[in-house]
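Number of protein chains: 6
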Amino acid sequence: MTIVAINPPPRYFNVSSPAEYVAHVEINRPEKLNAFSPPMWSELRQIFNQLSVNPELRVVLISGAGEKAFTAGLDVQAASQSGSIKPDDGPVDPSRKATAIRRNVFDYQDVISSVARCEKPVIALMHGYSYGLAIDLSSACDIRMATKDVKFSIKEVDIGLAADVGTLSRFPKVIGGLTSWAKEVALSGRVWGADEAEKNGYISQSFGSKAQLISEGVKLASYIATKSPVAVQGTKNILDAAWGRTVEDNLTYTAIWNQAMIQSDDMRKAMLSGIQKKSVTFAKL
Amino acid sequence: MTIVAINPPPRYFNVSSPAEYVAHVEINRPEKLNAFSPPMWSELRQIFNQLSVNPELRVVLISGAGEKAFTAGLDVQAASQSGSIKPDDGPVDPSRKATAIRRNVFDYQDVISSVARCEKPVIALMHGYSYGLAIDLSSACDIRMATKDVKFSIKEVDIGLAADVGTLSRFPKVIGGLTSWAKEVALSGRVWGADEAEKNGYISQSFGSKAQLISEGVKLASYIATKSPVAVQGTKNILDAAWGRTVEDNLTYTAIWNQAMIQSDDMRKAMLSGIQKKSVTFAKL
Amino acid sequence: MTIVAINPPPRYFNVSSPAEYVAHVEINRPEKLNAFSPPMWSELRQIFNQLSVNPELRVVLISGAGEKAFTAGLDVQAASQSGSIKPDDGPVDPSRKATAIRRNVFDYQDVISSVARCEKPVIALMHGYSYGLAIDLSSACDIRMATKDVKFSIKEVDIGLAADVGTLSRFPKVIGGLTSWAKEVALSGRVWGADEAEKNGYISQSFGSKAQLISEGVKLASYIATKSPVAVQGTKNILDAAWGRTVEDNLTYTAIWNQAMIQSDDMRKAMLSGIQKKSVTFAKL
Amino acid sequence: MTIVAINPPPRYFNVSSPAEYVAHVEINRPEKLNAFSPPMWSELRQIFNQLSVNPELRVVLISGAGEKAFTAGLDVQAASQSGSIKPDDGPVDPSRKATAIRRNVFDYQDVISSVARCEKPVIALMHGYSYGLAIDLSSACDIRMATKDVKFSIKEVDIGLAADVGTLSRFPKVIGGLTSWAKEVALSGRVWGADEAEKNGYISQSFGSKAQLISEGVKLASYIATKSPVAVQGTKNILDAAWGRTVEDNLTYTAIWNQAMIQSDDMRKAMLSGIQKKSVTFAKL
Amino acid sequence: MTIVAINPPPRYFNVSSPAEYVAHVEINRPEKLNAFSPPMWSELRQIFNQLSVNPELRVVLISGAGEKAFTAGLDVQAASQSGSIKPDDGPVDPSRKATAIRRNVFDYQDVISSVARCEKPVIALMHGYSYGLAIDLSSACDIRMATKDVKFSIKEVDIGLAADVGTLSRFPKVIGGLTSWAKEVALSGRVWGADEAEKNGYISQSFGSKAQLISEGVKLASYIATKSPVAVQGTKNILDAAWGRTVEDNLTYTAIWNQAMIQSDDMRKAMLSGIQKKSVTFAKL
Amino acid sequence: MTIVAINPPPRYFNVSSPAEYVAHVEINRPEKLNAFSPPMWSELRQIFNQLSVNPELRVVLISGAGEKAFTAGLDVQAASQSGSIKPDDGPVDPSRKATAIRRNVFDYQDVISSVARCEKPVIALMHGYSYGLAIDLSSACDIRMATKDVKFSIKEVDIGLAADVGTLSRFPKVIGGLTSWAKEVALSGRVWGADEAEKNGYISQSFGSKAQLISEGVKLASYIATKSPVAVQGTKNILDAAWGRTVEDNLTYTAIWNQAMIQSDDMRKAMLSGIQKKSVTFAKL
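Put into structure tokens, the structure is as follows:
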């Protein structure tokens, strides 16, 4: 399997290419259930900022190493030691402490948003413990698939805070609004599994084993990667721009986007390929 | 069961506390299928305005007294006599009549919005006839559970008007957009049951009897009430703020909210409790 | 079956009235799988602009002629010849080409928006090939029902472009946000059937045959047509206005709308009919 | 001068009617430069809630009693004693203190918003010290006029906080955006006079003496009061609805508003009066 | 002076080209102070829809024929006869009357919006009576210049209605928010002149005579017409898109717009022309 | 004068501290009229990202070195060589070229936005040539002051493009909407001076010489720096959040912001200082 070069090379993530145009980011700290320690945040942003504009790639997969977890979430112990959640050795004045917290939260949000901003579609492949940060992270992905034994939880409520690096903003977007179920799991922090996740639209498919999950993820990614990258990346961009805006605004946005993109060579090639029933190679993007 | 003091005491509602930190509001006009007569509106607002800031409480349940109905909706006969829907003895000039109507509608909307504004999560426990106002009211709640024999209807179309005290604004939010089903039931006014409601995300659970519904409602409420109220009430607030706004705006809102809230004692207590596997008592909020 | 007069009479659509107050628009180019050739666009807009304000009608059905397709989408061959997608004989300068494309896209979007703007509810009855434009068109309808053998696809990705006449703006609205499934089918262009469509909220009912689909469509339309048109059309208008806006803004909109509409005669008639259990005839709208 | 009945009668405000259809609210605590003590807040809201729907009135004036001040702002000493700004004897936990503060701020904002919500146009007549709350309050009015010797200041910065009961939200709306001058006076808290206020659009007219200011205010109010109240109150409502929304959204809002209001008798009367050059009496609103 | 062909030729407007790339639309019903009769509305829309995409033109001027008026506004007598403002012979039921009114208002708004939508900049040259519709129309233009003797009025309040074809939505946009002056003239309907208009940003220049106004208008239009049409029309489009949206949204819109437009030949030509100090000819747009 | 450490030290900017808590950023490429070459962009972002969170500083000034210019804008020659505006040696396919351009524009926008995002107020001190980028940059500042001989121009139209790194998005915000003057200067690219700038709100003060401008800038900055930084930075943040949003949304934002910030020590200190008429020292922020 090819290694995808990231610069500088990350310590806690493997980035490889299991198939043409497909990148696979693996969270690699299995001995701690892939929990996020402070240095992992900046590594994650760096990886996605680079994958986003890498012309050799068209689809990104993200999964967790080991048999136990996608990620168990924030490494709370490490975070509390480094003061990243709640700086105790900083200023005493609550307004100054608030300023320090706000800057931290914005920075952490930006890491998760780097996944959402990735120009290429991102598919989360989730198994085992998928708690807290796992929901923030996977809600920033485009597609989510899981094993039958996955355990999801919006865990933040159990450490005394409202989830603030993305879950509460993106969960209503990816599961279809503030349904009774969405509020139930968000307010209680209770664990839910693959069936509930599928029924409520959080994941689109579930599989019996992690191996099968990864293999099906690569298959879907490879399929999308055969399509015109201009079409695929434009579709992702326009769909995301629709949320929280009116249909009218999004229609305008779409027309402005496509006044450039419809000029692509891909259209001619794709139409011809459709008519001639032949496969086609699209230029890099 | 403890009575929760509301001042002045409501006539058409019972407010009790079936468990620690849990309030139970019961619509109590069973002889009229719990239909809303004019005085009930202001009583409802008063109750929720007071529960919202009552530090002894963390979760609110709402249900209907008797075996037949959550609420059959507006008491149309009473409303038409008092002129509250359509004032006939008011001004003849249509623009002046419009002004009177607008003020009325805004006032009634504000009653239902007092439920949505309640800082504590509100769980609707619905059985039997749940028509018209029942949908306005329960759509303003966070979680909806029902009996198997519940009968839902966006009934307003059958009295010749577009539902205007909240259903049309909140229904798309709580069932996942304007799906084919959402439009079908909203435009036809037809009755739908627990299965359809659950399949389409309106309710998250259904039960065989009213007794079981209430008992499971109290159980869920009690469970949520063990969590940090700072975390729970923040989660509710931020989730509701997300609707109709962009992800970016909501991320900012979340960071601003949490710059104060992450300073809570609850986080330290909750983390410690997680590590020590001991239960924890959070201060009132 | 009565013909509904459209002026000038369309060549590629049949417009009839299968029941009182119900219009049925049939896409009638079965020999080409009802694919849209350039003249069909303006015919479609003309039809819906006229049905929208036709007081004899209250609900509109739309389906495709023949056994094979609702519509296979854009007639790509015809479109490429007329230069409507990607004008090749126009200006060479990319900014001037962009201007020509933008005007075209806005014009085509306006055709599909004429269906969404139709004051009367529109029900799509879909069978067979329902590709590309079929999704743009049916996402602009209020209710979608299909045969068991329907084949849906957001096909645009296969001709190298992001769908730009409405699908990407309206699909999140009608299926409940950007769920994992929504992204999966939008990014891959893969075909999906009635079961997936129903599970994910795209359609609300499915039937064994096209004949049954049409007959059930007429039945639902006729049922809605018995209701107050003031109530039904107001409900449609207010629901659509809710999307991409806050609950508060939509509540205000609703009150402003109803300050006029609650003055209708329909309310008095409808309430009386409810009390007297008698049917009622509403004036035209 | 007629007294306008407010129930219960306010202690710190005089409310009279200096001319037909005109109300005059006078802040009446001149011995303290009309500074706002805690009870004055709820009195102010009560007054404006009642004037808003009083059919005898069409325009409201607001000014300060005595020679020295419109209002010097919050009575800081009184406020700090009652804990209304910064509750010190409340909870120690910063998140619980934040909750108490937030509820207070929302409540005080609602008082100022009651002026903005008043259905009738409100004209602020300002002289002398017009600091802090004076800007919050007058920015919620429709028209501002002042004496030549007025002294304005967004004073909050000098007591260590960002103005939070309305100035920062409404000042950009009433002076034309975030101009260099707007930021200069908001960030520095410096005092500015009538000339700067007029040049930058904060006031529309200035006068040599308080007596003249009041007299001209009554004159303008009386003039507006001769116009159709349907037209005047609709104009206020629609203009305010425009801010922070797109032109397209406001056009729709306007059409929905006027579908009721154009049915008024006022239009016929007003047109006739224009043609016949005769004065006209409009019905109350 | 060249005639600009409009098809079919308008009866109440002259459309000529006083200079290269410049169109001049003259409202031509001077015997009625250029008041708008029913047929003039559709003529105006037709003209602007055609000018908008006419590649021979880059800037549009609009003025009124005769010495007395730009336009005195709606021809109230004609309008009341045709029922266009307030249909009296239509339905009696207020909700049905509301529907008819709403459709009318939307249609009239669309006429004025055709001026705002015109891809080319539009400059209003105003003299004499400029009442009511004159404000709606000129607020939809990009630049306004006037004679010293111009008489402006938001006259609608004097015929008993809130201006509804554009003034209330666009006036805050073109004069800098809801300043005290803006509210004063909108609520009172009083007449204001060139000095007030210039001081408050409504016009940018004023001149001693109509002849000079026209001549200076042609000069400004000709100057703008020498610039790159890609740059000029993009600037107009992006500026208008900014209103009622956040800076962040508009920055994104701008980048999406320019991803196509920066590919123009005009940039190379314009830069070269700047360096070589030579004039340049841009291709048509 | 103290040097403010920036890491790594910028080559084209001087950053010093002319007074306590005040930073002064000087664009230092006077031999090229301070035109921006490619490396200057990233230097500017780096400087403002660091000043934004530097606790030693409370206000930032920005000016241009030498006698001739604030900045003449983009160094067009350098930019065209590096391909930063319009990459010619990149992909030929217009959609791929568009992608490269879009990424560039977003990156350059982000540089200018780093000035707008700076938590401390930023004051632009402008003299001589202030073209193109000078307007993008200064519109991202809070306050603008200039010499009498300043020459402003939205110059982009003269190089064939619509200004895309901020001017079109922020100019309407800082000069009061899309007034006739705003459109005139934006569409024509013509040069305007201090008087027009002051009359139209772009600058708030003008001075006879550059020396006086700098000295008055330092004075204003020093004055603001004596105020509570919690109050000043909160005021900036809330004012900027207001633009493009409704008053209601901004009121909520303000309350959420202040639930943390009103807990500051600054309030107690500031109130005491006001009462005791003594100066006060606020902690760093």
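Chains as they are written, first to last, in the UniProt record's numbering: chain A, 1 to 285; chain B, 1 to 285; chain C, 1 to 285; chain D, 1 to 285; chain E, 1 to 285; chain F, 1 to 285.
Backbone N, C-alpha and C fix where the C-beta goes; we use that ideal spot for every residue, glycine too.
Computed from a predicted structure; not experimentally measured.
Query - Among I101(C), V115(C), E67(C), T71(C), the one whose alpha carbon lies nearest that of S42(C) - result: V115(C)
Query raised in the report: When you compare only the Cα positions, how much space is there between L251(D) and R102(B)?
Result: 19 Å
Query raised in the report: Name the DSSP bridge partner or partners of residue 304(C)?
Result: Given that chain C is displayed from residue 1 to residue 285, the structure contains no residue 304(C) and the question cannot be resolved.
Query raised in the report: Any chance the region 228-238 of chain A sits against the region 162-169 of chain C, with 3 or more Cβ pairs inside 8 Å?
Result: yes
Query - DSSP bridge partner residues for S206(F) (one or two, in chain order) - result: A146(F)
Query raised in the report: Does any residue of chain E bring its CB to less than 8 Å from the CB of P91(B)?
Result: no
**Report entry** chain B residues whose Cβ lies nearer than 8 Å to that of F48(A)
**Finding:** Per Cβ cutoff of 8 Å: no residues; F48(A) is ~16 Å from chain B at best.
Query raised in the report: Of the residues that make up the region 96-123 of chain C, which ones have a beta carbon closer than 8 Å to any beta carbon in chain B?
Result: P121
Query raised in the report: Using Cβ-Cβ distances below 8 Å, what residues of the region 219-247 of chain D are close to chain E?
Result: L220, Y223, I224, K227, S228, V230, A231, V232, G234, T235, K236, N237, I238, L239, D240, A242, W243, G244, R245, T246, V247
**Report entry** Burial state of T246(C) (16 or more Cβ within 10 Å)
**Finding:** buried
Query raised in the report: Comparing the C-beta of A260(A) with each C-beta of chain E, is any distance below 8 Å?
Result: yes
Query raised in the report: So, V122(A) versus C141(A), is the Cβ gap smaller than 8 Å?
Result: yes
Query - Minimum Cβ-Cβ distance from G176(A) to chain G less than 8 Å - result: The question asks about chain G, but that chain is absent: this structure's protein chains are A, B, C, D, E and F.
Query raised in the report: If you count every other CB in all the chains shown that lies within 10 Å of the CB of V105(B), and 16 or more means buried, which is it?
Result: buried
Query raised in the report: Whose CA, out of P55(C), R45(C), D158(C), lies closest to the CA of S228(A)?
Result: D158(C)
Report task. Spell out a yes or no on whether the region 30-39 of chain D and the region 68-84 of chain D are touching, meaning 3 or more CB-CB pairs, one atom from each, closer than 8 Å. Result -> yes
Requested in this report: Compute the Euclidean distance between the alpha carbons of A124(E) and E248(D), then round it to the nearest angstrom.
Outcome: 21 Å
Query raised in the report: Are Y129(E) and K210(E) close, meaning C-beta to C-beta below 8 Å?
Result: no
Query raised in the report: Can you round the beta-carbon distance between S63(B) and E26(B) to whole angstroms, since I take them to be within the 8 Å contact cut?
Result: 6 Å
Query raised in the report: Applying the criterion that 16 or more other CB atoms from any shown protein chain within 10 Å of the CB defines a buried residue, is R170(C) buried or exposed?
Result: buried
Query raised in the report: Would residue 310(B) pass as a contact of Q46(B) if the rule is Cβ separation under 8 Å?
Result: Here chain B covers residues 1 to 285 and nothing more, so residue 310(B) does not appear.
Query raised in the report: Per DSSP, G128(A) forms a beta bridge with which residues?
Result: A69(A)
Query - C-alpha distance - S113(B) paired with T147(D), whole-angstrom precision - result: 43 Å
Query raised in the report: For Q263(B), which residues from the same chain have a beta carbon less than 7 Å from its beta carbon, with the 5 sequence-adjacent residues on both sides left out?
Result: none
Query raised in the report: If A98(C) sits next to Q259(A), beta carbons under 8 Å apart, how far is it from one beta carbon to the other, in whole angstroms?
Result: 4 Å
Query raised in the report: For the candidate residues G177(B), G160(B), E216(B), G217(B), whose alpha-carbon lies nearest to that of G189(B)?
Result: G160(B)
Query raised in the report: How close, in whole Å, do the beta carbons of E20(F) and A242(F) come, if the pair is a contact with beta carbons under 8 Å?
Result: Rounded, the Cβ-Cβ distance is 30 Å, inconsistent with contact.
Report task. Tell me whether I262(F) sits in a helix, a strand or coil according to DSSP, three-state version. Result -> coil
**Report entry** D195(E) burial status per 10 Å Cβ neighbour count (16 or more: buried)
**Finding:** exposed
Query raised in the report: Which partner residues does N14(A) have in the DSSP bridge list?
Result: E26(A)
Report task. Using the DSSP secondary-structure output, state which residues sit across from S153(A) in a beta bridge. Result -> Y131(A)
Requested in this report: Give the interface partners of D265(F) over in chain A, defined as CB-CB distance under 7 Å, in chain order.
Outcome: D93
Query raised in the report: Using a beta-carbon distance below 8 Å, is Y202(D) in contact with chain C?
Result: no
Report task. Quick one: give me the first and last residue of the alpha helix (DSSP H) that E31(B) is part of. Result -> Where E31(B) is concerned, there is no enclosing alpha helix (DSSP H), given that its DSSP letter is neither H nor E.
Query raised in the report: According to the Cβ coordinates, are I143(D) and S180(E) closer than 8 Å?
Result: yes
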